[in-house]
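Numbers 47 to 203, taken from this note's numbering, label the letters of the sequence shown in order.
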Amino acid sequence: VVDQRNDLALLRVQGAPAFKPVAFRDGVGCDLGEPVVALGFPLAGLAGGGVHVTQGGVSALFGLHNDSSLLQFTAPIQPGSSGSPLFDAAGSVVGMVTSTIPDAQNMNFAVKAGLALAFLDACGVEPTRTPTGRTFSTSQMAREAQQSLWKIEARNP
Numbered sequence: 047v048v049d050q051r052n053d054l055a056l057l058r059v060q061g062a063p064a065f066k067p068v069a070f071r072d073g074v075g076c077d078l079g080e081p082v083v084a085l086g087f088p089l090a091g092l093a094g095g096g097v098h099v100t101q102g103g104v105s106a107l108f109g110l111h112n113d114s115s116l117l118q119f120t121a122p123i124q125p126g127s128s129g130s131p132l133f134d135a136a137g138s139v140v141g142m143v144t145s146t147i148p149d150a151q152n153m154n155f156a157v158k159a160g161l162a163l164a165f166l167d168a169c170g171v172e173p174t175r176t177p178t179g180r181t182f183s184t185s186q187m188a189r190e191a192q193q194s195l196w197k198i199e200a201r202n203p
């Protein structure tokens, strides 16, 4: 299932091993200045096949042209980061990395978790939700989240 407008897709992978689903923050959006962590597989062909971790903060609660479906964050991302989860300090997903402005510093954007949750709900998927309150170090979060992340590569035939 694809939502092109919001850059979201739900994939079913045949023969995939079991993995631990990520948890989404329950009920509230991000705060301006809130710390976030991006985990993903940027530049996988150059930077190696493992998970990469970057840290930053929420720098705006909207995207370009006041797009309310996005939030802006400062954790560095590179090509291949699209689709990566953006976590809060509790290890809950608060967004999904979608784009960056290439020649601007730290102008990175993520689809807000609420929109991703609505998409999953419309697809009949009931994701795990986590109340706020607990906190993890970035290294704890990276260890935990690696059990939930998969690198997916799209290739032109």
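Positions of the beta carbon are idealized from the N, C-alpha and C atoms, including for glycine. It should be emphasised that the depicted structure is a prediction, and the values quoted were computed from it without experimental measurement.
Does chain C have any CB closer than 8 angstroms to the CB of residue i?
i	result
A135	Looking at the structure shown, chain C is missing, and only one protein chain is on hand.
Name, in chain order, the residues that DSSP records as bridge partners for residue i.
i	result
Q118	A106, F155
D49	L54
A69	T174
Buried or exposed: where does residue i fall if 16 or more other Cβ atoms within 10 Å of its Cβ makes it buried?
i	result
K158	buried
G170	exposed
S114	exposed
T174	exposed
G198	It should be noted that the sequence gives Ile, not Gly, for residue 198. Classification for I198: exposed.
H111	exposed
I147	exposed
P88	buried
V204	The question about residue 204 has no answer here: the residues shown for the chain are numbered 47 through 203.
L57	exposed
A62	exposed
Looking only at C-alpha atoms, which of the options sits nearest to residue i?
i	options	result
F65	T120, L195, R201	L195
V140	P131, T146, I147	P131
G129	F155, G109, A168	F155
R71	G160, S127, M187	G160
D149	L117, Q192, A69, P122	P122
E126	N152, G109, H98	Checking the displayed sequence, the identity of residue 126 turns out to be Gly instead of Glu. Selected option, being the one with the closest Cα: H98.
T176	V59, G75, Q60	G75
Q209	G109, Q118, T100, L116	Past the boundaries of the shown model lies residue 209; the chain is included only from 47 to 203, so the question cannot be answered.
3-residue-minimum beta strand (DSSP E) runs that sit fully inside the segment 126 to 195, ordered along the chain: 131 to 133, 139 to 146, 154 to 158, 174 to 176
Ranges of the alpha helix (DSSP H) found wholly within the segment 71 to 101, counting only runs of at least 4: Counting only runs of 4 or more, we get 90 to 93.
Segment contact, 8 angstroms Cβ cut-off, at least three pairs: the segment 181 to 189 with the segment 153 to 167: no
Sufficient close CB pairs (3 or more, under 8 angstroms) joining the segment 123 to 142 to the segment 74 to 82: yes
Any 3 or more C-beta pairs closer than 8 angstroms across the segment 93 to 108 and the segment 48 to 62: no
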